[in-house]
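Each residue of the sequence shown is one higher than the one before, starting from 1 at the first, in our numbering.
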Amino acid sequence: LRARVLEAGEEIGGTWYWNRYPGARCDVESMQYSFSFSDEIQQEWKWKELYAPQAEILSYINFVADRLNLRNDIQLSTRVTAATFDSSDNRWTVETNVGDAFSAQYLIMATGCLSIPLDPKIKGINDFEGVLLRTSNWPKDGVDLSGKRVGIIGTGSSSIQAVPHLAQQADQLYVFQRTPNYSIPAQNRPMDSAYEHDWKDNYAERRKLAKRTRNNTLNNAGPKSGTEFSREELEKEFEKRWQAGGIGFMYTCSDITSNEDVNEIAADFVRNKIRKIVKDPKKADILIPRDYPIGAKRICVDTEYFETFNRDNVTPVDIKSNPIEKISKNGVVLSNGDTFDLDTLILATGFDAMTGALLRINISGRNGIKLADEWAAGPKTYFGIAISGFPNMFTITGPGSPSVFTNMVTSIEQHVDWIVDCMTHLQDQGKQTIEAMPDAQENWTAHGNEIASTTIFYSAASWYVGANVEGKPRIFMPYIGGADNYIDKLTEMTAEGYRGFEIS
1 LRARVLEAGE EIGGTWYWNR YPGARCDVES MQYSFSFSDE IQQEWKWKEL YAPQAEILSY
61 INFVADRLNL RNDIQLSTRV TAATFDSSDN RWTVETNVGD AFSAQYLIMA TGCLSIPLDP
121 KIKGINDFEG VLLRTSNWPK DGVDLSGKRV GIIGTGSSSI QAVPHLAQQA DQLYVFQRTP
181 NYSIPAQNRP MDSAYEHDWK DNYAERRKLA KRTRNNTLNN AGPKSGTEFS REELEKEFEK
241 RWQAGGIGFM YTCSDITSNE DVNEIAADFV RNKIRKIVKD PKKADILIPR DYPIGAKRIC
301 VDTEYFETFN RDNVTPVDIK SNPIEKISKN GVVLSNGDTF DLDTLILATG FDAMTGALLR
361 INISGRNGIK LADEWAAGPK TYFGIAISGF PNMFTITGPG SPSVFTNMVT SIEQHVDWIV
421 DCMTHLQDQG KQTIEAMPDA QENWTAHGNE IASTTIFYSA ASWYVGANVE GKPRIFMPYI
481 GGADNYIDKL TEMTAEGYRG FEIS
């Protein structure tokens, strides 16, 4: 098989090429957020920190590409504009913004879950005469904010990582927050050599164990239900996880996202931490999340985010009770008339998650059906890999797969392995096409929605359900049933002769 990779960026790296804002860092430990398919590579590469920063991950990606001689198959600075399936020869035609037209038997959409940034629809955004920046496309050479009056809109993961670094440079930093976020300290540190060697000596076994967890990582998920602890015991367990750091906090007990009482104890624990960290009660009051369960929005991991608000030059601004009225040529104007004169305005306003990149391509399947029409009421897939009506088109970590609830690197690998095995199977059988059947797709989508309905995830206006995009259908898009259960179901379906697919 011959492959052609079409990439919009000027360099490889995906998320870790585009998101180069100050403080950008992974929230999965480096020893696990790495490729597992080559033991030589995972033994050879040395991580410098427990949680790797953007620049180090980008270096790693380039190292792998060079090690495997992949660059000749990658075409950069090329954005796919259309993809059309032709039933007469069972091939896809792929068109690009630079005028190319490729013909392929298989079309693999590795377009990412968080790859289409959102620009806020704020009156006057183009009138601002200062410097307008986006965390999703930060200048490669960096920005000197020394002595500047800086505003940042948004308090999701990107902003939570960036704010401590911006505060060290800016003369004044205003953090415009619509929704306060729960965030757990990373407790990041230089890579301990004994820890590194322990992982490398046991990689094969640990990779297997990770695949038997809900999120493809060894975060020591608590096997007990929160109801098996007294409140005092449960808070002690939360304290241990807080001190250990990272997203493992959300795996303290098995029912933290399904039992409202247990979830409230966890949420209250974090609220109390914020009160203790942030010395000014007025600032703390703005930063404490109250209106939704912990975990219903993507849990954030930070390094001294809340501590940063103890600086005199950092001010949180509540724009939920007092929304932004407009952006003027000088800065931000709130609905009550308050004005903030700024030299630099930074947009950290999130992404059109899960479906955004796919729906920006004009994709036409069998008999001319449009993906945009098929997904008008929300995305439907079979295992997050295939879509009925779109033969030989595969989606890597698409809607309906565990994706963003897992270690993305190993989840991507699982999909790649399955797709390669599937293409090999078709070749061996002398077949040309594979397509998800409508009933199988409906049943899988219903199964995912049923599981999501038993959790707290519908109780927040999050990007998990598309609530951050005006007009987007409110559908819970990832599969929340656990990566281990997902793999079991995928393996079972495949062993039963690709049940739910039509091969012809």
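The C-beta atom is built at its ideal place from N, Cα and C for all residues, glycine as well.
How would you label residue i, buried or exposed, when you count the other beta carbons within 10 angstroms and need 16 or more for buried?
{"i": "LYS273", "result": "buried"}
{"i": "ASP86", "result": "exposed"}
{"i": "GLY147", "result": "exposed"}
{"i": "ASN336", "result": "exposed"}
{"i": "LEU70", "result": "exposed"}
{"i": "LYS329", "result": "exposed"}
{"i": "ARG212", "result": "exposed"}
{"i": "GLY398", "result": "buried"}
{"i": "PRO164", "result": "buried"}
{"i": "GLU506", "result": "Past the edges of the chain, shown from 1 to 504, lies residue 506, and the structure says nothing about it."}
{"i": "GLN441", "result": "buried"}
{"i": "LEU1", "result": "exposed"}
{"i": "PHE63", "result": "exposed"}
{"i": "ALA3", "result": "exposed"}
{"i": "ALA204", "result": "exposed"}
{"i": "ALA495", "result": "exposed"}
{"i": "LEU68", "result": "exposed"}
Could you name the residues that DSSP lists as bridge partners for residue i?
{"i": "LEU6", "result": "GLN75"}
{"i": "ARG149", "result": "GLN172"}
{"i": "MET109", "result": "THR395"}
{"i": "PRO316", "result": "VAL175"}
{"i": "TRP444", "result": "Its beta-bridge partners do not exist; DSSP assigns none."}
{"i": "THR96", "result": "VAL80"}
{"i": "TYR382", "result": "ALA386"}
{"i": "ALA210", "result": "Beta-bridge pairing links ALA210 to no other residue."}
{"i": "PRO53", "result": "ARG25"}
Quick check on DSSP: helix, strand or coil for residue i?
{"i": "PRO281", "result": "helix"}
{"i": "MET393", "result": "strand"}
{"i": "GLU129", "result": "coil"}
{"i": "GLN414", "result": "helix"}
{"i": "ILE286", "result": "helix"}
{"i": "GLU232", "result": "helix"}
{"i": "ALA194", "result": "helix"}
{"i": "GLU239", "result": "helix"}
{"i": "MET423", "result": "helix"}
{"i": "ARG366", "result": "helix"}
{"i": "ASP373", "result": "helix"}
{"i": "LEU342", "result": "coil"}
{"i": "ALA24", "result": "coil"}
{"i": "ILE327", "result": "strand"}
{"i": "LEU218", "result": "coil"}
{"i": "SER30", "result": "coil"}
Am I right that residue i and residue j are in contact with their C-beta atoms under 8 Å? What's the rounded C-beta distance?
{"i": "GLU191", "j": "SER38", "result": "It is Met, not Glu, that sits at residue 191 in the sequence shown. Between SER38 and MET191 the Cβ distance is about 20 Å, and since that is not below 8 Å, they are no contact."}
{"i": "THR308", "j": "VAL262", "result": "Rounded, the Cβ-Cβ distance is 30 Å, inconsistent with contact."}
{"i": "PRO120", "j": "THR349", "result": "5 Å"}
{"i": "TYR464", "j": "PHE476", "result": "6 Å"}
{"i": "GLU260", "j": "ILE456", "result": "7 Å"}
{"i": "TYR292", "j": "ALA460", "result": "4 Å"}
{"i": "ALA296", "j": "SER159", "result": "That pair is no contact at about 18 Å."}
{"i": "GLY99", "j": "ILE184", "result": "In fact, because the Cβ distance is near 47 Å, the residues do not count as touching under 8 Å."}
{"i": "VAL150", "j": "LEU287", "result": "In fact, because the Cβ distance is near 18 Å, the residues do not count as touching under 8 Å."}
{"i": "VAL416", "j": "ILE385", "result": "The pair is not a contact, with the Cβ atoms about 11 Å apart (cut-off 8 Å)."}
{"i": "VAL314", "j": "ALA167", "result": "5 Å"}
{"i": "ASN216", "j": "ALA210", "result": "5 Å"}
{"i": "TRP18", "j": "GLY9", "result": "7 Å"}
I'd like to confirm something about residue i: is its beta-carbon nearer than 7 Å to some heavy atom of the ligand PLP, or not?
{"i": "ALA376", "result": "The ligand PLP is absent from the structure shown, which contains no ligand whatsoever."}
On the three-pair Cβ rule with 8 Å, is the segment 46–63 touching the segment 22–34?
yes
Would the segment 305–319 count as touching the segment 76–84 if we require 3 or more Cβ pairs under 8 Å?
no
Any contact of the segment 133–142 with the segment 14–26, i.e. 3+ C-beta pairs under 8 Å?
yes
Report yes or no: do three or more beta-carbon pairs, one from the segment 108–119 and one from the segment 353–362, lie closer than 8 Å?
yes
Do the segment 400–408 and the segment 361–374 make contact, defined as three or more Cβ pairs closer than 8 Å?
no
Below 8 Å, can you find three or more Cβ-Cβ pairs linking the segment 167–180 to the segment 366–385?
no
Within the chosen definition, does the segment 465–473 reach the segment 411–424 through at least 3 CB pairs nearer than 8 Å?
no
Tell me, please, whether the segment 95–109 touches the segment 296–313 by the rule of three or more beta-carbon pairs shorter than 8 Å.
no
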